[in-house]
Ligand SMILES: Cc1cc2nc3c(=O)[nH]c(=O)nc-3n(C[C@H](O)[C@H](O)[C@H](O)COP(=O)(O)OP(=O)(O)OC[C@H]3O[C@@H](n4cnc5c(N)ncnc54)[C@H](O)[C@@H]3O)c2cc1C
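Numbering (the numbering used here), first residue to last: 14 to 290.
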């Protein structure tokens, strides 16, 4: 961990032999940056259960700290209990607890409905064994009825025993600081670490943002659209925007950064180096 905060990387478990090789190469590069930990996503309904664990164990074997994600949507208490026992059996002490999203068209089922239920369950089953991170949304979760209710629900996760939060990505610092201030006014004191999405492709970013409700400010969207297929310009502009965002967040007191690497090392490494972390 840097003296300036907690800096971490997120990966998803690869599905192919090529993807596994690429992620290993990515990790070899990112390991040199000495992150506090690397987290690995977990597919809804346990679809990546073995892949998540396998990737986490590789990361630990490479000498880095790792935190698997765990989502409860579509899962039974029994299956969650099994996953927790597996994590515990491997000496894993840090996880990211989420509700998860089912692919569209799937019937949502499962014993636990919300991430706060999962945090409560993990604490009831395993006490203080795990450090638990949860998700939060400076621009509010797309399914939330209102910002106030979303904050109520975030507070439930914290009161259920979360130790830290990682935000959905955003490009608007005011949204983050407003959320942090509103949380603080409720007595929430856990670190709220900004999630950072480097910009590699305008179309991919637009697709993600539509799905998760993160706003791409108009001036950024227009500039990206203007570059068309000129990937080098998209990446150069994206690096300037995201590095500036991160630098200002840290100057203003953000407790660290969590990079959504999408299993690539290049942009994250450049941002990290420019920030001199
Ligand atoms: C850092 C981070 C990591 C992620 N990793 C993964 C991953 O590995 N796998 C994956 O599938 N997805 C992942 N996601 C996506 C996440 O699962 C989705 O954003 C999902 O839609 C919400 O998950 P949550 O844990 O925030 O849910 P919750 O906190 O349960 O909130 C979901 C919605 O329900 C509402 N709500 C919560 N509690 C209540 C209640 N008691 N009553 C009424 N409404 C309530 C909230 O306001 C919100 O609108 C991640 C997101 C982030 C930000």
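For each residue, glycine too, the CB sits at the ideal point set by N, CA and C. Quick caveat: nothing in here was measured; it's all calculated off a predicted structure.
May I ask you to check if the CB of residue i is nearer than 7 Å to at least one heavy atom of ligand 1?
i: residue 28; result: no
i: residue 154; result: yes
i: residue 70; result: no
i: residue 166; result: yes
i: residue 54; result: yes
i: residue 148; result: yes
i: residue 114; result: yes
i: residue 129; result: yes
i: residue 10; result: Outside the displayed span of the chain (14 to 290) sits residue 10, for which this structure offers no information.
i: residue 159; result: no
i: residue 225; result: yes
i: residue 35; result: no
Roughly how many angstroms lie between the CA atoms of residue i and residue j, to the nearest whole one?
i: residue 183; j: residue 217; result: 15 Å
i: residue 64; j: residue 185; result: 33 Å
i: residue 132; j: residue 152; result: 22 Å
i: residue 14; j: residue 271; result: Unreliable positioning characterises residue 14 in this predicted model, as indicated by a pLDDT of 45, which lies under 50. The coordinate reading is nonetheless provided below. So the two alpha carbons sit approximately 12 Å from each other.
i: residue 108; j: residue 52; result: 8 Å
i: residue 166; j: residue 129; result: 8 Å
i: residue 154; j: residue 210; result: 17 Å
i: residue 168; j: residue 86; result: 20 Å
i: residue 285; j: residue 127; result: 34 Å
i: residue 189; j: residue 145; result: 21 Å
For chain B, is any of its Cβ atoms less than 8 Å away from the one on residue i?
i: residue 135; result: This model lacks chain B altogether, as it is built from one protein chain only.
Does DSSP put residue i in a helix, a strand or coil?
i: residue 241; result: coil
i: residue 74; result: helix
i: residue 291; result: Nothing can be reported for residue 291: it is not among the residues displayed for the chain, which extend from 14 to 290.
i: residue 273; result: strand
i: residue 83; result: strand
i: residue 23; result: strand
Buried or exposed: where does residue i fall if 16 or more other Cβ atoms within 10 Å of its Cβ makes it buried?
i: residue 241; result: exposed
i: residue 81; result: buried
Touching by the beta-carbon criterion (3+ pairs, under 8 Å), the stretch 157 to 170 and the stretch 97 to 106: With a cut-off of 8 Å, the stretch 97 to 106 and the stretch 157 to 170 do not count as touching, because too few Cβ pairs lie within range.
query: Are there three or more Cβ pairs, one per stretch, closer than 8 Å when the stretch 24 to 39 is compared with the stretch 55 to 72?
result: As far as the Cβ criterion goes, the stretch 24 to 39 touches the stretch 55 to 72, which means the pair count is three or higher.
field: Cβ pair count under 8 Å reaching 3, the stretch 250 to 258 against the stretch 200 to 214
entry: The stretch 250 to 258 makes contact with the stretch 200 to 214, as at least three CB pairs between them are under 8 Å.
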